[in-house]
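To start, the structure itself, in structure tokens.
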Amino acid sequence: MKTPALREVSTRLEEAVALLPGEPAGPADLYDRYEEVAIAILDSEHGDFIPGELQEYLETLLYAKQLELGLIPFPDPAEA
């Protein structure tokens, strides 16, 4: 289960991306925005978590976002 601090990270990620100026050109551009904000969060907050915890959490959120935006197939054809 996610800790409250990680839930807050997810919320901050979504809110920060929504506040970025302009409209994304497409799904890949929107994903890039998520990735940029996630990197900024990781850079500024990694010391507040168990080593590796925040990075793993953000990587998982970004993977799910890629699936949601249709940027990667599921299931992965290479794993079939």
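Per the UniProt record's numbering, the very first residue in the sequence shown carries number 1; after that it's consecutive. Quick reminder that beta carbons are idealized off the backbone N, C-alpha and C, glycines included.
(request) Could you tell me if residue 81 is buried or exposed, where buried requires 16 or more neighbouring beta carbons within 10 angstroms of its beta carbon? (result) The chain is shown only over 1 to 80; residue 81 falls outside these bounds and no answer can be derived.
(request) Under 8 Å Cβ to Cβ from Y31, same chain only, skipping five residues before and after it: list those, please. (result) As a working note, residue 31 is residue 31 in the sequence shown. The residues are L62, K65, Q66, L69 and L71.
(message) Suppose contacts are defined by Cβ-Cβ distances below 7 Å. Is V37 in contact with V17 by that definition?
(response) For this step, residue 37 is matched to residue 37 along the sequence shown. For this step, residue 17 is matched to residue 17 along the sequence shown. Between V37 and V17, the CB-CB gap stays under 7 Å.
(request) Could you say which of R12, P27, E79 and D29 lies nearest to S44 if we only look at CA atoms? (result) Stepping through the sequence shown from its first residue, residue 44 is reached at position 44. Of the listed residues, the one whose Cα sits closest to S44 is R12.
(request) Give the secondary structure of G47 by DSSP, where H, G and I count as helix, E and B as strand, and everything else as coil. (result) Here the question's residue 47 lines up with position 47 in the sequence shown. DSSP places G47 in helix when its eight states are reduced to three.
(request) Measure the C-alpha to C-alpha separation of L42 and P51 and round it to an integer number of angstroms. (result) Reading the sequence shown from its first residue, position 42 is the one you call residue 42. Reading the sequence shown from its first residue, position 51 is the one you call residue 51. Roughly 11 Å separates the two Cα atoms.
(request) Just the C-alpha distance for E53 and G22, rounded to the nearest angstrom, thanks. (result) Working through the sequence shown from its first residue, we reach residue 53 at position 53. Working through the sequence shown from its first residue, we reach residue 22 at position 22. Near 32 Å, if we compare the C-alpha coordinates of G22 and E53.
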